[in-house]
Amino acid sequence: MGCCNHNYGFIWFICLVFMEHTVIVHSGSDNKHRIHGPLVNVTKHLSFPDFSFSNNPRVLEDVKLLGSAKFSASSAIQIPDDHDPPHGNGNDIDHLRHQAGRALYSSPIRLLDPHTQSPASFQTTFSFQFHNASSSSSSNFSANSSDHGGSGLTFIIVPDEFTIGRPGPWLGMLNDACQDDYKAIAVEFDTRLNPEFGDPNDNHVGINLGTIVSTKTINASDVGVFLDDGSVHRAWIGYDGSRRWMEIHLGSDGGSKDSPPSKPIFSGPLDLSPFLNEYMFVGFSASTGNHTQIHSVLSWNFSSTSRAFLWMPSVETCESNIIVHGRAGTTSAEPPGTFLIFVAVLVLVLAVVLSLYYNSGRKSTEISDTSIVLPEKKQRPRPPNKPRCFTISELSLATLSFSEYEFLGSGSRGVYYRGKLLNGCQVAVKRFSFQFLHSQGFDRRRFLKEIKGISRVRHPNLVPIRGWCQDQKETMVVYEFFPQWEP
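Here the sequence shown is numbered in UniProt numbering, starting from 1 and rising by one per residue.
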């Protein structure tokens, strides 16, 4: 028996060494399948001369409205929505007080290279107009109403498409539920004086980085602009990502949108990268407070340029593909390397099986006929809802190769995608970022242990976990998807 055990150990040792060698060879070849290509520019351009349905048939799909916002009869984005007041009281404008809304481009835009932490460059220009709501009718406006100002409009860059900020001096940017990792960038056009937020007056432009308190404020009257005078104004905002430099111009809408005033109201260094995710949503937010004001965006143009590496197959992969396709119709004289590996593994497996069968036959002749044969233990079926391990190919297929059209949102820990498994089950996939895993000292065994522990908990406020995916490059968690759920 000692000789048999020695033979078993030797055979299994040979198998393990061979399989390890095979894995190393294949992992090395996989790393060569793709290489960094040249740096290319990733561009995005949006153009809305107005927001009419006739000129822009896709405006309802391209612009997502949140909260108190609408497309007005004058083909503009309007915040707040001056719908009919409750109980048919035409003289009541209280329903316009303490309202907040957003209008965002419905698809995320790439604004950061996660490998180099380099922000994208972008330029945007838009025309806008403020009206004070008249007390005589909620649909009529007065530029010189005694109900003066409140509260303002922002051009905003945010990480998701479903959060609505607080009304009043918060301008719809942030709310109490926003955590520290909720990144928001805004350029505000404010018509209310709120000293607690550091406002210099009731006619200013501010730059906000992750907070309602402006990092920089500029008096709009310095360039002859009074935001709440009822006239149409135009803003130009430009950001150079390579220099980390921002310029803001403000003037009337009488001239060309391509010719801003020669003197900017702000020009200086500004690093946006700490407040950017790879993909962000751009658009507008506005709010009212104790006083009513109608904010209208009449036109909007936006363009961005970011730098990214073009991934391409290696030369070896291209040559091997050419050889395979070239020999598709002929019989090769030399068997491919993969086939030889398969044959070698098959021979080893057969040798082990034959050895086991031979030794089990010898042992059976030595055992008494009265020996009791225990029934084979049946494997318990896995519950249908028990979390399981998914492959990267399964999740890539489910999320359309992590397409931006399946993008749900992002945070400091990673990006969320909507997906559909082959069995028709709707899921949400959280793809952890490399920076987060590296900073947290990721441990595979602890990750799997915590996933299995959380999956056993059943609570109405916890989203059920459907599985996970983890290898040397990617770490993902698969949740059950609720269409009406909003974080």
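Yeah, the Cβ is synthetic: ideal placement off N, Cα and C, and Gly gets one too.
query                                                                                                                                                                                    : result
Relative to the C-alpha of leucine 421, which candidate in Gly414, Ser231, Val478 and Phe436 has its C-alpha closest?                                                                    : Val478
Rounded to the nearest angstrom, what separates serine 355 and phenylalanine 342 at their Cα positions?                                                                                  : 20 angstroms
Mapping the DSSP letters down to three states, classify phenylalanine 339 as helix, strand or coil.                                                                                      : helix
Name the residue from Pro159, Cys389 and Thr391 whose alpha carbon lies nearest to the alpha carbon of methionine 280.                                                                   : Pro159
On the premise that asparagine 203 lies in contact with leucine 171, defined as a C-beta separation below 8 angstroms, what is that separation, rounded to the nearest angstrom?         : The pair is not a contact, with the Cβ atoms about 15 angstroms apart (cut-off 8 angstroms).
Just tell me which of Ser410, Arg466, Leu250 and Asn41 has its CA closest to the CA of asparagine 423.                                                                                   : Arg466
Among Ala235, Ser287 and Lys70, which one has its Cα closest to the Cα of tryptophan 300?                                                                                                : Ala235
Under the three-state reduction of DSSP, which class applies to lysine 64: helix, strand or coil?                                                                                        : strand
Please determine, among Gly254, Leu153, Ser360 and Leu104, the residue with the shortest C-alpha to C-alpha distance to valine 59.                                                       : Leu104
Quick test of your reading: aspartate 229 and isoleucine 265, contact by CB under 8 angstroms. State the CB separation rounded to the nearest angstrom.                                  : In fact, because the Cβ distance is near 17 angstroms, the residues do not count as touching under 8 angstroms.
So the candidates are Pro387, Ala186, Phe481 and Phe53; which of them puts its Cα closest to the Cα of isoleucine 454?                                                                   : Pro387
Can you tell me where the alpha helix (DSSP H) holding residue 488 begins and where it ends?                                                                                             : As shown, the chain starts at 1 and ends at 487. That puts residue 488 outside it, with no answer to give.
Quick one: grab the DSSP three-state call for valine 205.                                                                                                                                : strand
Determine, using beta carbons only, whether threonine 292 and isoleucine 451 come nearer to each other than 7 angstroms.                                                                 : no
Determine the burial state of tyrosine 405: buried for a count of at least 16 other Cβ atoms within 10 Å of its Cβ, exposed for fewer.                                                   : exposed
Quick check on this structure: which residue in Val353, Thr124 and Asp176 has the alpha carbon closest to the alpha carbon of glycine 165?                                               : Asp176
Which residues bound the alpha helix (DSSP H) around phenylalanine 155?                                                                                                                  : First-last for phenylalanine 155: 152–158, but that is the beta strand (DSSP E), not the alpha helix (DSSP H).
Rank Val429, Asn55 and Leu340 by C-alpha distance to the C-alpha of valine 463 and give the top, closest one.                                                                            : Val429
Helix, strand or coil: how does DSSP classify glutamate 480 here?                                                                                                                        : strand
According to DSSP, is phenylalanine 436 helix, strand or coil?                                                                                                                           : helix
Based on the DSSP secondary-structure assignment, which residues constitute the bridge partners of cysteine 102?                                                                         : Sequence check: residue 102 is arginine here, not cysteine. The partner list for arginine 102 (beta bridge, DSSP) reads Leu66 and Ser285.
Rounded to whole angstroms, what's the CA-CA distance from isoleucine 294 to isoleucine 79? Just pull it up for me.                                                                      : 6 angstroms
So residue 488 is in the alpha helix (DSSP H); what residue range does that whole segment cover?                                                                                         : With the chain covering 1 to 487 only, the question about residue 488 has no answer from this structure.
Measure from the alpha carbon of threonine 217 to the alpha carbon of each residue in His233, Pro200, Val353 and Gly67, then state which is nearest.                                     : Pro200
With DSSP as the reference, label aspartate 471 as helix, strand or coil.                                                                                                                : coil
Evaluate phenylalanine 482 with the Cβ neighbour count: other Cβ atoms within 10 Å of its Cβ, from every protein chain shown; 16 or more gives buried, anything less gives exposed.      : exposed
Can you tell me where the beta strand (DSSP E) holding isoleucine 237 begins and where it ends?                                                                                          : 232–240
Excluding the five sequence neighbours on either side, which residues of its own chain have a C-beta within less than 7 angstroms of the C-beta of glutamate 152, listed in chain order? : As written in the sequence, residue 152 is glycine, which differs from the glutamate given in the question. Same-chain partners within the cutoff: Leu171, Glu188, Phe189, Asp190, Thr191, Arg192 and Ala286.
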